[in-house]
Each structure stands twice: as structure tokens, then as C-alpha cells.
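Remarks on the structure that follows.
Residue numbers (the UniProt record's numbering): 1 to 213.
Right under this line is the structure:
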């Protein structure tokens, strides 16, 4: 499956290359496209970015904000819809990620970004939300020698850990310097976030909620 982001609120001057350059800093981008009017070729104010790996999507979404061409944009998971009714421009694979009846003004950011998503059933709405997603933390600035076992052991002091994964480059097998930890209980997340500094492997790291987009 493609690991794709919807990016709304783009400046009309933003190009495919500019969009790709921004999101390249979070991982390998295989495709980046600004959606344009089929006749005028004018930007419709939104686009899609496809990554080679899910961890890149999570890393991009963990950022507090994205500024492209001087404008703050909204990045959300692009949820494919199974019902392709209402697609515009047959044969365009990106069309299957748009809301039924979406117009350029809505997609450009005039409406809340959540309205741009569809559920897996194809109906308008927000992407499905797992209760455990609220128990997930993003951890950045990890030492490149930190491994899953050390990473997990540190956070287990705050409560039962369901998953603790340091993200690695699939080709070089080197740490990408960040990871994710999921707790069994939301109270554990609160305990972690109340601590002002976290040091893992001799390095102070950044910890924040991995907010689903």
C-alpha cells in the first residue's frame, strides 16, 4: 500500500519540486504532486506526498508544523476510499484520495483539514482512530547506538509498554534517530510527559505525543 500524505493549504506558487524538497527531509519521497486545474493548470491549493516507508509518514506527522513557501500547510494521512464514485479525471491515482464533492476551495484549506478525509468505507469523515493511538509517543533525537531493548527498558519505568521501536533505514540498517513507544495505559503517557527531561543512552531526547493525522 502507498504511504501517502494529503497536504492542504498550499500557496498557489508551490511546485511539485518545492513540495518534494520539503518532505524529503523526513524520508525518501517516491512521489510529490500539486493538484492542478485540468484546464488552467492553476494550483488547486493541495497535493499529495508518497513515501517509501510508513516510518517516514509518522516522522513527518510528528512535526509541530510545516511551512512551505512561507505558508503554514496542513499534512494529514491520505485515506484511500473504496468507493471511487465522484472521481475527477479518470486514470489519476490521486483522485481516489479525495472527498466526494470536494472542490478546490475546501481542499485549499478553507475548511478544517479533517473534512478532507474519508473513512475506509468511502464515506466522508475522519480516518479511523484506534484507542491505542492516544497512548503512543514520538521520541526524537535518539543516539544512533540506541536499540529497541534499551529504548523499551527506559520507558518501562513509566508503565507497561506494548511496543517500542527505534526506526531504522531499511537499506543501511542505521538508526534514523527517532522512534515510537506505545503504552498499555494512558496514565503512563501522562507520567512520561510530566518529566521535563528524558535521557536515553547518554543523550537528552525529545518526547511528545504521536498525534494521529
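Even glycine gets a Cβ: it sits at the ideal position worked out from N, Cα and C.
What you are looking at is a predicted structure, and each value in this text was computed from that prediction instead of being measured.
Whole-angstrom C-beta distance between residue j and residue i, which should lie under 8 Å
| i | j | result |
| --- | --- | --- |
| residue 214 | residue 138 | Residue 214 falls outside the range modelled here, since the chain spans only 1 to 213, and no answer is possible. |
| residue 53 | residue 170 | 7 Å |
| residue 183 | residue 135 | 5 Å |
| residue 141 | residue 206 | 5 Å |
| residue 72 | residue 11 | Not quite, the Cβ-Cβ distance comes to about 10 Å (not below 8 Å), so this is no contact. |
| residue 78 | residue 210 | At roughly 18 Å, the Cβ-Cβ gap does not stay under 8 Å, so residue 78 and residue 210 are not in contact. |
| residue 34 | residue 51 | At roughly 17 Å, the Cβ-Cβ gap does not stay under 8 Å, so residue 34 and residue 51 are not in contact. |
| residue 5 | residue 57 | 6 Å |
| residue 192 | residue 155 | 7 Å |
| residue 201 | residue 146 | 4 Å |
Buried/exposed call for residue i, threshold 16 Cβ in 10 Å
| i | result |
| --- | --- |
| residue 166 | buried |
| residue 273 | The structure shown has nothing for residue 273, since the chain only spans 1 to 213. |
| residue 8 | buried |
| residue 42 | exposed |
| residue 3 | buried |
| residue 187 | exposed |
| residue 48 | buried |
| residue 27 | buried |
| residue 46 | buried |
| residue 106 | Bear in mind that a pLDDT of 42 at residue 106, under 50, signals an unreliable position, so the number given afterwards is only what the model happens to contain. Answer is buried; the Cβ neighbour count reaches 16. |
| residue 144 | exposed |
| residue 162 | exposed |
| residue 164 | buried |
| residue 14 | buried |
| residue 149 | exposed |
| residue 153 | exposed |
| residue 172 | exposed |
| residue 44 | buried |
| residue 199 | exposed |
| residue 194 | exposed |
| residue 55 | buried |
Three-state secondary structure (DSSP) of residue i
| i | result |
| --- | --- |
| residue 172 | coil |
| residue 145 | coil |
| residue 104 | Residue placement at residue 104 is poorly supported in this model, since its pLDDT is 40, which falls under 50; the coordinates are not used for a value here. |
| residue 58 | helix |
| residue 14 | coil |
| residue 188 | helix |
| residue 152 | helix |
| residue 115 | For residue 115, the pLDDT reaches just 34, beneath the cut-off of 50, and the residue's location in the model is therefore unreliable, although a value from the coordinates is still provided. Three-state DSSP puts residue 115 in a helix. |
| residue 193 | helix |
| residue 24 | helix |
| residue 134 | helix |
| residue 207 | strand |
Taking three-plus beta-carbon pairs below 8 Å as touching, is the segment 49–69 in contact with the segment 8–24?
yes
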